[in-house]
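Scroll down for the structure; my scribbles are underneath it.
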Amino acid sequence: MEYASAKIGDKKTTKKIYYREKLKPHEKVSLWISRLIIWAVIAIMMFPVAWVVGASMASGDAFFSGSIFPQHMTFQNYIDVLKKTNFLLWVKNSMILSVGVATIQLFLTATSAYAFSRMKFVGRKNGLKTLLIMQMFPTFMALPAIFGIMAKLNLLDNLYALMLVMAGSSAFSIWLLKGYIDSLPKELDEAALVDGATHWQIFMKIILPLATPMLVVIFLFSFMGVYSEFILSSAVLKSPENYTIALGLQRFIQNQFSAHWTQFAAASVMASLPLVILFMVLQRYLQAGLAAGAVKG
0 MEYASAKIGD
10 KKTTKKIYYR
20 EKLKPHEKVS
30 LWISRLIIWA
40 VIAIMMFPVA
50 WVVGASMASG
60 DAFFSGSIFP
70 QHMTFQNYID
80 VLKKTNFLLW
90 VKNSMILSVG
100 VATIQLFLTA
110 TSAYAFSRMK
120 FVGRKNGLKT
130 LLIMQMFPTF
140 MALPAIFGIM
150 AKLNLLDNLY
160 ALMLVMAGSS
170 AFSIWLLKGY
180 IDSLPKELDE
190 AALVDGATHW
200 QIFMKIILPL
210 ATPMLVVIFL
220 FSFMGVYSEF
230 ILSSAVLKSP
240 ENYTIALGLQ
250 RFIQNQFSAH
260 WTQFAAASVM
270 ASLPLVILFM
280 VLQRYLQAGL
290 AAGAVKG
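Residue numbers (numbering that gives the first Met the number 0): 0 to 296.
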């Protein structure tokens with residue numbers, strides 16, 4: 000893309016002129032093959048989504064009809080889910096848990112990443128190695144220990160106790176943000192220190208504003224992971240009033256296996272709406288954060 004200026008009368012106008020390079024035959028073939036592969040991948044990924052949306056508007060046994068969209072669409076399944084289940088309570092519990100965990104993790108991640116990146120203290124290298132090792136083990140391996148500790152402390156079936164447990168899994172986020180902070184010029188910190196700023200002032204007024212896109216990425220990934228988490232929630236939460244959306248849907252389809260797949264599809268569609276809305280709101284920051292992480296991380 001180039002700019003061209005032209006003088007018309009007394010006014011000078013600048014127009015954007017797009018030049019497209021002429022592709023060679025083999026380059027055109029490669030381009031179209033790439034496009035076809037991309038569209039094929041998109042179609043494969045969207046097929047289950049389209050099937051669930053269609054099933055959510057089907058009636059009775061139309062879920063097994065073999066057609067993506069039923070001949071007679073209805074929204075009765077959505078109405079039945081809202082009236083016959085505690086769906087809104089499940090969503091509320093999931094939102095409380097997800098926002099709480101994401102907020103706590105964001106604070107722990109930001110402060111820890113800044114300390115590992117900018118400060119020198121005893122045990123720094125060993126701490127980084129420990130974080131790296133912690134990423135190698137899946138969360139469910141610690142499930143027996145977590146369950147035993149929570150049982151001894153009488154914290155089972157407590158949504159806020161589960162929130163504190165989930166907030167501790169921040170190793171990957173700390174590594175991700177540390178790499179981003181390492182790429183920021185240290186001259187900014189040094190200039191602020193010369194002016195008499197403390198580490199906390201540097202962290203709040205310099206590092207955090209520059210790291211906002213990456214912080215948004217960390218918040219969104221944390222929120223999404225907790226919102227759909229099932230294994231730990233199913234082990235800790237037992238009362239129906241504490242069910243999250245994943246746990247509530249599993250109990251719902253388990254108890255009504257033979258007749259309510261269309262209602263389960265409707266509940267799944269509604270359960271995904273908070274994630275879709277959050278992604279749309281934070282999309283601008285998400286793109287900037289992922290690009291920064293790919294280049295600087």
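Glycine included, C-beta positions come from ideal geometry on N, C-alpha and C.
Go through its chain and collect everything with a Cβ distance to residue i's Cβ below 6 Å, but skip five positions before and after it.
i      : result
Phe256 : Only weak support is given to the placement of Phe256: the predicted model assigns it a pLDDT of 48, under 50, and the value that follows is read from those uncertain coordinates. Result list for Phe256: empty, nothing under 6 Å.
Ser169 : Gln104, Leu107 and Thr108
His71  : none
Leu154 : Ala160
Leu277 : none
Phe136 : none
Gly247 : Trp89
Can you tell me where the alpha helix (DSSP H) with residue i in it begins and where it stops?
i      : result
Phe297 : There is no way to answer for residue 297, as the model of the chain reaches only from 0 to 296.
Leu176 : Ala170 to Ser182
Ile103 : Phe86 to Arg117
Thr129 : Arg123 to Met133
Lys151 : Leu142 to Lys151
Thr261 : Trp260 to Val280
Gln200 : His198 to Ile201
Glu26  : Pro24 to Ser55
Tyr159 : Leu158 to Ala166
Leu155 : Taken as a continuous stretch (DSSP letters only), Leu155 belongs to no alpha helix (DSSP H), as it is neither H nor E.
Tyr77  : Gln75 to Lys83
Glu240 : That residue, Glu240, is in no alpha helix (DSSP H); it is neither H nor E in DSSP.
Asp194 : Neither: Asp194 is in no alpha helix (DSSP H) and is coded neither H nor E.
Measure the CB-CB distance between residue i and residue j and report whether it falls below 8 Å.
i      : j      : result
Trp89  : Thr261 : no
Val235 : Asp156 : yes
Val268 : Ser55  : yes
Ala245 : Ser221 : no
Leu219 : Leu285 : yes
Trp174 : Leu142 : no
Gly53  : Ile36  : no
Met162 : Gly122 : no
Phe202 : Tyr113 : yes
To the nearest angstrom, how far is the alpha carbon of residue i from that of residue j?
i      : j      : result
Phe86  : Ile78  : 11 Å
Leu274 : Gly195 : 43 Å
His259 : Tyr179 : 47 Å
Val215 : Ser116 : 19 Å
Lys177 : Leu81  : 43 Å
Ile230 : Leu96  : 15 Å
Ser111 : Leu207 : 13 Å
Gln282 : Glu26  : 32 Å
Met94  : Gly126 : 32 Å
Phe46  : Pro212 : 31 Å
Ala264 : Gln75  : 12 Å
Ser29  : Trp50  : 32 Å
Phe139 : Ala150 : 17 Å
Ala101 : Leu158 : 14 Å
Gln134 : Gly224 : 15 Å
Lys119 : Leu187 : 17 Å
Ser232 : Phe251 : 15 Å
Ala210 : Lys185 : 14 Å
Leu272 : Pro24  : 45 Å
Ile84  : Ser238 : Sequence inspection shows Thr at residue 84; the Ile mentioned does not correspond to that position. For Thr84 and Ser238, the distance between alpha carbons rounds to 15 Å.
Gly266 : Lys91  : The sequence shown places Ala at residue 266, rather than the Gly named in the question. Approximately 14 Å, taken between the alpha carbons.
Buried or exposed, going by whether 16 or more other CB atoms sit within 10 Å of the CB of residue i?
i      : result
Met279 : exposed
Asn241 : buried
Lys295 : Unreliable positioning characterises Lys295 in this predicted model, as indicated by a pLDDT of 47, which lies under 50. The coordinate reading is nonetheless provided below. Exposed is the call here.
Val48  : exposed
Met44  : exposed
Gly147 : exposed
Val164 : buried
Ile41  : exposed
Between residue i and the rest of its own chain, which residues show a CB-CB distance below 8 Å, the 5 nearest in sequence each way excluded?
i      : result
Gln200 : Ala191
Lys128 : none
Trp31  : none
Skipping 5 residues on each side, what residues in its chain have a beta carbon closer than 7 Å to that of residue i?
i      : result
Gly167 : none
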